[in-house]
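Visitor: Numbering (full-length UniProt numbering), first residue to last: 1 to 771. Each residue gets a CB set at the ideal place from its N, CA and C atoms; glycine is no exception. Here's a structure for you.
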Ligand code: BGC
């Protein structure tokens with residue numbers, strides 16, 4: 001198509017002998033000319049989304065050619081005179097959005113894939129790339145140009161409501177998984193939009209909170225993942241976050257969006273704002289925030305006014321307009337792609353089912369309780385077994401065609417479930433929904449989805465009866481969370497009293513008859529496990545595994561799929577063990593918006609600096625419930641032949657992994673590095689690379705290879721504003737988890753490595769770095 005545009009353009013040029021404003025239309029090679037020929041109004045319109053409908057008026061949308069429907073999140077402006085099409089932006093990240101067409105009654109569903117946290121726990125970049133491909137394909141075939149994904153903020157606290165969309169507490173893992181996702185999406189010639197840049201670490205007062213972070217923590221933790229993703233996958237777009245960062249909003253921050261993102265990392269796409277109304281448009285455009293979403297007329301007027309009053313230069317506008325045009329010429333709408341509205345949803349459902357099983361984490365499996373054997377009848381407990389959470393809430397909620405719940409998953413695999421429980425739970429769920437509607441006028445959450453329903457107490461008699469009837473108990477514990485709110489400690493991070501009592505009653509009754517109790521965690525974020533994990537026989541962290549969830553869980557319970565997920569975040573003993581809990585809004589949002597001065601609401605001091613997750617727990621030897629990188633398998637793996645070789649600019653490491661057990665399975669290996677003393681104070685070790693085997697048959701082995709550069713080893717030294725790797729001996733550790741190191745090597749760095757960076761993004765308040 002681009003070739004066709006080039007030919008048409010060349011013909012026009014040769015016929016007329018010059019390019020006049022009438023015949024000039026956008027081509028890949030005439031962007032400068034187009035910018036020269038645009039009026040200021042046209043330029044400014046291109047920088048503002050054409051979404052007045054979101055703010056109450058349809059005028060602009062109706063005037064524009066009806067190229068797509070309004071049931072996606074955003075559009076860029078159409079300029080017919082110059083052949084500039086509108087382009088469409090759709091959420092993400094666990095799949096595309098639902099699309100409806102004005103001329104059709106049909107609903108166009110998208111596949112509900114597993115949430116980001118589950119995908120990351122697969123430690124399988126190949127798998128994540130395949131999911132990205134499928135999501136990109138749905139975007140393309142539904143006539144959309146960019147998917148607003150992946151979400152890649154760091155899990156600073158387990159309480160952040162949107163962690164389910166994000167990958168990990170570790171930036172290297174985050175960056176590599178995000179890069180894989182982006183490569184997959186963009187292999188369809190549609191764009192990805194990693195978000196939210198940067199430090200969108202809490203949902204409480206997310207549009208105003210000022211996140212105060214040290215330059216070191218910023219560089220090493222919060223920006224690192226984005227840096228890796230930008231350098232390794234070249235996203236077409238990036239979304240700047242809502243919050244402020246060390247003072248200004250990220251959307252108005254030149255140092256963030258230009259000095260670091262573009263000058264240091266080489267990002268060459270567009271930055272779009274997260275969805276917000278009028279802010280300081282001149283500051284946004286000057287900072288390099290090329291596009292304002294969702295867009296309202298006030299922003300257009302304001303930009304025009306800012307130019308007239310010399311608060312914004314046309315040169316600044318032109319830079320952003322050029323970038324917008326460079327983006328537009330890559331899009332399917334510019335290419336005139338004829339979308340089918342008919343992606344292969346069946347194949348994608350299968351992919352969702354298989355991938356979910358690969359990212360689930362088997363936390364406990366005493367005496368081989370799983371895979372299930374000699375089980376015909378299941379007592380299926382827990383509201384969430386019947387009201388299963390495929391994904392989280394907010395813009396990350398995919399409107400999927402169906403959700404397979406646990407009961408359906410078990411029935412599909414020809415298990416029987418005790419019918420009386422099904423009836424009881426379904427009646428209770430109906431009652432609770434009706435009650436919610438009665439109490440609040442709706443049973444819905446922030447973005448229209450259902451909220452958690454409080455667990456149903458069950459009498460001991462009933463439980464004893466169930467224990468006689470069934471061969472095994474499965475208790476699904478569910479948690480729902482998402483955009484706009486952070487989680488609470490009580491009844492969310494911690495189990496409720498009802499859940500705790502039920503669990504011990506199930507275990508008493510079933511264990512008395514020598515029958516097992518399996519807990520399935522259908523959650524979007526970390527929950528407390530230390531106080532109760534000794535009770536059940538097995539615990540499967542199923543996450544929110546997408547629309548095929550019930551089938552995926554049962555595939556794992558049955559051993560049709562051997563779980564190979566490992567934690568990409570620490571499961572602490574209590575939430576307060578995380579240093580970030582000292583400065584996180586533990587009680588959620590209270591009070592009026594817009595006031596200033598409330599700690600953790602109007603500003604949040606990242607007092608813990610780089611001591612996020614395992615970097616803290618492992619360094620101070622603080623016990624955890626389940627460590628970073630942990631996850632069981634139905635088989636066993638032995639490691640040997642570990643080798644570390646210097647390459648001149650870092651090292652290459654390798655280790656052989658053998659399936660020494662009895663069932664086919666995959667193993668992921670984590671490469672941690674401990675730095676020599678003498679340089680900056682560093683965590684005891686840090687993840688620098690990881691790899692996963694293919695499906696290994698019993699007895700089969702595979703050599704895994706890891707490449708680490710001297711730059712990858714570096715920490716950020718604020719005193720010289722440089723990345724520095726101290727010279728000396730680095731200990732290279734091959735881990736099955738951070739607490740289970742299976743091989744060790746050394747790497748000698750003979751000369752200190754340094755790389756200068758810009759002295760930018762300084763905190764505006766003093767930070768008490770960790771005691
Ligand atoms: C969210 C973004 C999302 C956008 C468009 C915002 O509220 O923070 O993640 O992409 O809405 O739906």
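According to the neighbour-count rule (16 or more other Cβ atoms, all chains shown, within 10 Å of its Cβ), is residue 547 buried or exposed?
Guide: By the neighbour-count rule (16 or more Cβ atoms within 10 Å), residue 547 is buried.
Visitor: Looking at the structure shown, is residue 370 part of a helix, part of a strand, or coil, going by DSSP?
Guide: It is coil, neither helix nor strand.
Visitor: Could you tell me the alpha carbon to alpha carbon distance between residue 291 and residue 271, rounded to whole angstroms?
Guide: Approximately 6 Å between the Cα atoms of the pair.
Visitor: Could you give the uninterrupted runs of the alpha helix (DSSP H) lying entirely in the region 284–320, keeping only those of 4 residues or more?
Guide: Qualifying alpha helix (DSSP H) stretches, in chain order: 297–308.
Visitor: Measure the Cβ-Cβ separation of residue 201 and residue 157 and say whether it is below 9 Å.
Guide: Contact flag set, yes.
Visitor: Which first and last residues belong to the alpha helix (DSSP H) in which residue 118 is found?
Guide: 116–121 is the span of the alpha helix (DSSP H), which, as asked, contains residue 118.
Visitor: If you check the beta carbons only, do residue 329 and residue 131 fall under 9 Å apart?
Guide: It is not a contact, given that the beta carbons lie outside the stated cut-off.
Visitor: So the beta strand (DSSP E) residue 671 belongs to, where does it begin and stop?
Guide: Per DSSP, residue 671 belongs to the beta strand (DSSP E) from 668–674.
Visitor: What would DSSP say about residue 850, mapped onto helix, strand or coil?
Guide: No statement about residue 850 is possible, as the shown extent of the chain runs from 1 to 771 and does not include it.
Visitor: Considering only their Cβ atoms, is the gap separating residue 283 from residue 235 smaller than 9 Å?
Guide: Cβ distance not < 9 Å, so residue 235 and residue 283 don't count as in contact.
Visitor: Report the three-state DSSP secondary structure of residue 36 (helix, strand or coil).
Guide: DSSP places residue 36 in helix when its eight states are reduced to three.
Visitor: With DSSP as the reference, label residue 485 as helix, strand or coil.
Guide: Residue state, collapsed to three classes: coil.
Visitor: Which of helix, strand or coil does DSSP assign to residue 711?
Guide: Residue 711: coil per DSSP, three-state reduction.
Visitor: Have a look at residue 390 and residue 351 and give me their C-alpha separation to the nearest angstrom.
Guide: For residue 390 and residue 351, the distance between alpha carbons rounds to 15 Å.
Visitor: With distances taken from each beta carbon to the nearest heavy atom of the ligand BGC, which residues come in below 5 Å, in chain order?
Guide: Here the residues come out as 73, 91, 148, 274, 275 and 395.
Visitor: What is the rounded straight-line gap between the Cα of residue 500 and the Cα of residue 490?
Guide: Roughly 12 Å between the two C-alpha positions.
Visitor: Span of the beta strand (DSSP E) holding residue 414?
Guide: Per DSSP, residue 414 belongs to no beta strand (DSSP E) and is neither H nor E.
Visitor: I'd like the span of the alpha helix (DSSP H) that includes residue 752, first residue to last.
Guide: Per DSSP, residue 752 belongs to no alpha helix (DSSP H) and is neither H nor E.
Visitor: Does the beta-carbon of residue 72 have 16 or more other beta-carbons within 10 angstroms, so that it is buried, or is it exposed?
Guide: Flag for residue 72 reads buried.
Visitor: Can you check which of these residues, 755, 78 and 27, is closest to residue 264 by C-alpha distance?
Guide: It is 755 whose Cα lies nearest to the Cα of residue 264.
Visitor: By how many angstroms is the C-alpha of residue 348 removed from the C-alpha of residue 400?
Guide: Roughly 12 Å between the two C-alpha positions.
Visitor: Per DSSP, which residues does residue 147 bridge with? Please list them.
Guide: Per DSSP, 90 and 192.
Visitor: According to DSSP, is residue 379 helix, strand or coil?
Guide: Three-state result, residue 379: strand.
Visitor: For residue 576, which of helix, strand or coil comes out of DSSP?
Guide: Note: residue 576 maps to helix in three-state DSSP.
Visitor: My assumption, with CB atoms under 8 Å, is that residue 211 sits in contact with residue 604. Please give the rounded CB distance.
Guide: The pair is a contact, with the Cβ atoms about 5 Å apart (cut-off 8 Å).
Visitor: Please state whether DSSP places residue 630 in a helix, a strand or coil.
Guide: If DSSP states are grouped into helix, strand and coil, residue 630 belongs with coil.
Visitor: Decide if the region 149–166 is in contact with the region 175–187; the criterion is three or more beta carbon pairs, one per stretch, under 8 Å apart.
Guide: Flag = yes, the region 149–166 and the region 175–187 touch.
Visitor: On the three-state DSSP scale, how would you describe residue 689?
Guide: Of the three classes helix, strand and coil, the one that applies to residue 689 here is strand, per DSSP.
Visitor: Which residue's Cα is closest to the Cα of residue 725: 317, 197, 718 and 714?
Guide: It is 714.
Visitor: In angstroms with no decimal places, state the Cα-to-Cα distance between residue 599 and residue 160.
Guide: Rounded to the nearest angstrom, the two C-alpha atoms are 16 Å apart.
Visitor: Distance check for residue 165 and residue 195, CA to CA, integer angstroms please.
Guide: Taking the straight line from one Cα to the other gives about 10 Å.
Visitor: Within the same chain, show all residues whose beta-carbon is closer than 7 Å to that of residue 641, passing over the 5 residues directly before and after it, in chain order.
Guide: If we look at residue 641 and ignore the five residues flanking it on each side, its Cβ neighbours are 655 and 656.
Visitor: Find the nearest neighbour of residue 646 within the set 367, 243 and 749, judged by alpha-carbon distance.
Guide: When each option's Cα is compared against that of residue 646, the closest is 749.
Visitor: Taking one C-beta from the region 378–395 and one from the region 404–421 each time, how about it: are there three or more such pairs within less than 8 Å?
Guide: As far as the Cβ criterion goes, the region 378–395 touches the region 404–421, which means the pair count is three or higher.
Visitor: Identify which residue in 128, 697, 670 and 747 has its Cα closest to the Cα of residue 358.
Guide: Among 128, 697, 670 and 747, the Cα nearest to that of residue 358 is on 128.
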